[in-house]
Structures are given as structure tokens and as C-alpha cells.
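J.:
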Amino acid sequence: GCYNLHCEGFVQTSNKYILGGSFSSVSTPDSTQYEKTLHVFQDDSSKNWWLQIDGESIGYWPASLFQSLQNGAETLEAGGEVCYDKESGVRHTKTGMGSGEFPSQGYLKAAYQRRI
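Using UniProt numbering, you'd call the opening residue of the sequence shown number 1 and step up by one each time.
1. Between the Cα of GLY20 and those of ILE58, TRP49 and ASN71, spot the shortest distance and give me the residue it belongs to.
2. Output yes or no for whether 9 Å exceeds the beta carbon distance between SER27 and TYR34.
3. Could you compute how far the alpha carbon of GLN42 sits from the alpha carbon of SER99?
4. In chain order, what residues of the same chain lie with their CB nearer than 7 Å to the CB of LEU65, ignoring the 5 residues before and after it?
5. Whose C-beta lies closer than 6 Å to the C-beta of SER25 among residues of the same chain, with five residues either side of it excluded?
6. Is it true that the CB of THR32 sits closer than 9 Å to the CB of ASP54?
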């Protein structure tokens, strides 16, 4: 795997959202909550894999990157990672993802994913 734009191949076609960039509106605890809809699909003719955010096609991964996926895929896996570099000599710090809150804190505090 790779992270953000540290992988060769993604072709950005829109500047509305930038892969690896930030969103203009973000949720804050106990306040307004925002959602983004991400959609990855394979174009039938080019076989490229497109990324859409809120219905806007922002770019694609060329079919040549995924030779074994020319006929589609049943599953797409995505995730996050928190890293602690022991060699830096710095003690382990809080490494929350999303809001850093646990699901038991509820909708207005904990980050979530749905309809995956």
C-alpha cells in the first residue's frame, strides 16, 4: 500500500478536492457534523478506476496499475494507520484517529463511517 500522493499513478482531474488535502468544512465535537460521500468505480470503456467525492470526479488510477482488476473487483479495502517511531526516542503520545473519541461517546463526538 501507499499513503496519500506517495504512490505513483493517480491522475488528478479536478481541483475541487485534492487527494491528500483537507476538507473546507470539518465536524467539531458537540457541534455541526459534516459527511462526505466517496465512490470508487471502474470506467467500463477505459477500465480506469475513478474516485468521486460528493459526486465530483476528482481523478483516477490508470487501469495499467491494476492488471489483475481488468474485469472489476468485489471488494475495496481502505484504512488508516497510526505510527509511533521508537527510534526517535520520544515517548508514545496520544494517537487518536478521526476525532480521537470512542464510539460510546456518541454521534456528536466520535468519528464514524457508514454504508461501506
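Ideal placement from N, C-alpha and C gives every residue a C-beta, glycine not left out.
T.: Let me lay it out:
1. Checked all of ILE58, TRP49 and ASN71; the closest Cα to GLY20 is ILE58.
2. A contact, by the Cβ cut-off of 9 Å.
3. C-alpha separation (whole angstroms): 31 Å.
4. Closer than 7 Å at the Cβ level, and outside the excluded window around LEU65, lie GLY9.
5. TYR34
6. Taking 9 Å as the Cβ cut-off, ASP54 and THR32 do not qualify as a contacting pair.
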